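Below is one structure, written out as structure tokens; comments come after it.
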Amino acid sequence: MDKEKENNPYFNMKTRKEVLEKLKELNKSYKGWKNCPGIGDYLLEEINLLNWVLGYPERKR
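Position 14 (the sequence shown) corresponds to 18 in our numbering; numbering is contiguous.
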């Protein structure tokens, strides 16, 4: 579990609001770039990392 925290660049975000803002921004980007394989895959991976952080119980509201 600690390894996952270490490898997730978003884990230092303190609030759910901060994570949600970043998620919104990446979702918008993904819609525009999803047909470009490298960038689409990268953005999807970033979105998955953020979703993982969002679901982590330590996150403050």
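Beta carbons: idealized from backbone N, C-alpha and C, even for Gly. Just so it is clear, the structure is predicted and the values come from calculations on it, not from any experiment.
Residue interval of the alpha helix (DSSP H) (run including G42): One-based indexing of the sequence shown puts residue 42 at position 38. Counting along the chain, the alpha helix (DSSP H) containing G42 begins and ends at P41 to L58.
Shortest alpha-carbon distance to Y34 belongs to which of L24, E49 and E22? Position 30 of the sequence shown holds residue 34. It is E49 whose Cα lies nearest to the Cα of Y34.
Please report how far the alpha carbon of L54 lies from the alpha carbon of K38, in whole angstroms. Within the sequence shown, the letter at position 50 stands for residue 54. Within the sequence shown, the letter at position 34 stands for residue 38. Computed Cα separation, rounded: 18 angstroms.
For N31, the nearest candidate out of L47, N16 and R20 (CA to CA): Here residue 31 is taken as the residue at index 27 of the sequence shown, counted from 1. With distances taken between Cα atoms, N31 lies closest to L47.
I'd like to know whether the C-beta atoms of F15 and K9 end up nearer to each other than 7 angstroms. Translated into the one-based positions of the sequence shown, residue 15 becomes position 11. Translated into the one-based positions of the sequence shown, residue 9 becomes position 5. Against a cut-off of 7 angstroms, the Cβ pair of K9 and F15 comes out as a contact.
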